[in-house]
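Engineer: Dropping a structure here in structure tokens format, bear with me for questions.
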Amino acid sequence: MTAIEMRGKRLEPTIATEILRQSDRLPSTASRPLLATVLVGDDPAAQSYRASIARTFRRVGVAHRAIDLHAGASDDHIFSTIDGLNGDRDVTGIMLFLPLPGRRADRAIRELVSPLKDVDGITVHSTGLLRLGRPCLEPACPRAGVALLQAYGVELAGRTVAVIGRSPVVGGPLAAMLTAADATVTVAHRQTRDLPEITRAADIIACAAGHPSLLTSGMVRRGATVLDFGTNVVDGHLRGDADFADLLGIAGRISPVPGGTGPATALVLAYQTMLAAHAQASNSLDILDQLPSVAEVAEAVGRDLTALAARP
Ligand code: ADP
């Protein structure tokens, strides 16, 4: 058996079409979707992430403005930059590359992002709305992971999922999203005593620990689905948390790194930049209830695939 590779690009045509369709429904006076990415310093990993976002945005037709601040920029300078973007009518989404280099007022800075423009779901406000199941802009990376599962027709309701990692950026919100999708979720972390016992019992294993080759074939039940959020640089190559070559013959489906959750994340950012344009036009996140969510778009992709696979 060779695992099916879950590739982020699978979502692109449908997401691009839906962005166009929903952008056309914006009131004529509203701003068109535009994401401003703010990068403080010159971390190569952040730069390459930004470059891939820029390429995706060009392909799906959403505007992107890159803002670079010197690593030594003062907190005040960063504050006023974000404040300016909050007030800039042309900007519908703001993304901040975290962590900020050096010892900075990280927390205070991230809370400055307007909840109507918080397309990577980093503020306390967005986090609270997500946990309460209210319409909101969500952390893009975990939402992209769930979308990838849906796009490949992976059933979530009633399934057992092992999430490795509990960070506020990936593991934490991912567990909340999967629970909301009716999966039964176990969250593992550094203090977990017997990780293999937990992963072997799972239908779906999501790795967000930041350790190359953390997940190996002995830890995975035959046919299980593996979702990999790891971005580790090993000998100059990007590698996930799962031992991809080892798992190809065991897993039923696996997301490759690169090519899996990464490209899907950029697409979710583009989609949420469009949603944020609607939120600003109506000055409320409640409008999101009336627009297709990322999850609904991904489910449509999954249904199309299932229909194609069922054709004689
Ligand atoms: P990210 O931002 O990608 O989620 P973090 O470094 O913030 O990454 O968080 C890593 C998470 O992974 C932590 O919750 C940590 O407990 C978990 N983790 C790290 N190593 C292991 C391990 N060997 N087994 C289980 N969990 C781990």
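So that you can map any letter, position 53 of the sequence shown is 1333 in the numbering used here, and since no number is skipped, the others follow by simple counting.
Built from N, CA and C at the ideal position, the CB exists for glycine as well.
Across the segment 1394–1404 and the segment 1413–1423, are there enough close Cβ pairs to call them in contact, namely three or more that are closer than 8 Å?
Structural biologist: Verdict: yes, contact present.
Engineer: Alpha carbon to alpha carbon, how far is D1386 from V1393? Give it in angstroms, no decimals.
Structural biologist: Residue 1393 sits at position 113 when you count from the first residue of the sequence shown. Residue 1386 sits at position 106 when you count from the first residue of the sequence shown. Answer to the nearest angstrom: the Cα atoms are 12 Å apart.
Engineer: Find the nearest neighbour of V1548 within the set A1525, P1572, D1526 and Q1560, judged by alpha-carbon distance.
Structural biologist: Here residue 1548 corresponds to residue number 268 of the sequence shown, with the count starting at 1. The shortest Cα separation from V1548 among A1525, P1572, D1526 and Q1560 belongs to P1572.
Engineer: Name the DSSP beta bridge partners of E1285, please?
Structural biologist: Along the sequence shown, one-based indexing puts residue 1285 at 5. According to DSSP, which records beta bridges pairwise, E1285 is partnered with I1534.
Engineer: Determine the extent of the beta strand (DSSP E) in which A1442 is found, giving its start and end residues.
Structural biologist: Your numbering for residue 1442 matches position 162 in the sequence shown. First-last of the beta strand (DSSP E) with A1442: T1440 to I1444.
Engineer: In the DSSP assignment, find the beta strand (DSSP E) that holds I1484 and state where it starts and stops.
Structural biologist: As a working note, residue 1484 is residue 204 in the sequence shown. Segment I1484 to C1487, the beta strand (DSSP E) holding I1484.
Engineer: Taking only three categories from DSSP, how would you classify V1513?
Structural biologist: Translated into the one-based positions of the sequence shown, residue 1513 becomes position 233. In the structure shown, V1513 sits in a strand (DSSP, three-state: E or B).
Engineer: Taking C-alpha atoms, which residue in T1407, V1574, H1350 and D1363 lies nearest to T1294?
Structural biologist: Counting from one through the sequence shown, the residue named residue 1294 turns up at place 14. Taking only the C-alpha atoms, the option nearest T1294 is V1574.
Engineer: Taking the alpha-carbon of R1480 as reference, which of R1473, K1289 and M1499 has the nearest alpha-carbon?
Structural biologist: Residue mapping note: residue 1480 aligns to position 200 of the sequence shown, counting from 1. For the residues R1473, K1289 and M1499, the minimum Cα distance to R1480 belongs to M1499.
Engineer: Could you tell me the alpha carbon to alpha carbon distance between A1580 and A1431, rounded to whole angstroms?
Structural biologist: Counting from one through the sequence shown, the residue named residue 1580 turns up at place 300. Counting from one through the sequence shown, the residue named residue 1431 turns up at place 151. About 7 Å.
Engineer: Kindly list the residues whose CB is nearer than 6 Å to the CB of A1334, restricted to its own chain and excluding five residues on each side of it in sequence; keep chain order.
Structural biologist: For the purposes of this step, residue 1334 is identified with residue 54 of the sequence shown, where counting begins at 1. Answer for A1334: H1344, listed in chain order.
Engineer: Check whether the Cβ of S1639 lies closer than 6 Å to any heavy atom of the ligand ADP, and answer yes or no.
Structural biologist: Past the edges of the chain, shown from 1281 to 1592, lies residue 1639, and the structure says nothing about it.
Engineer: So, using beta-carbon positions, are I1374 and L1380 closer together than 7 Å?
Structural biologist: Position 94 of the sequence shown, counting from 1, holds the residue named residue 1374. Position 100 of the sequence shown, counting from 1, holds the residue named residue 1380. No, they are not a contact pair.
Engineer: Using the rule of at least 16 other Cβ atoms within 10 Å of the residue's Cβ for burial, across every protein chain shown, is P1492 buried or exposed?
Structural biologist: In the sequence shown, counting from the first residue as 1, residue 1492 sits at position 212. The residue in question, P1492, is buried, as its Cβ has 16 or more Cβ neighbours within 10 Å.
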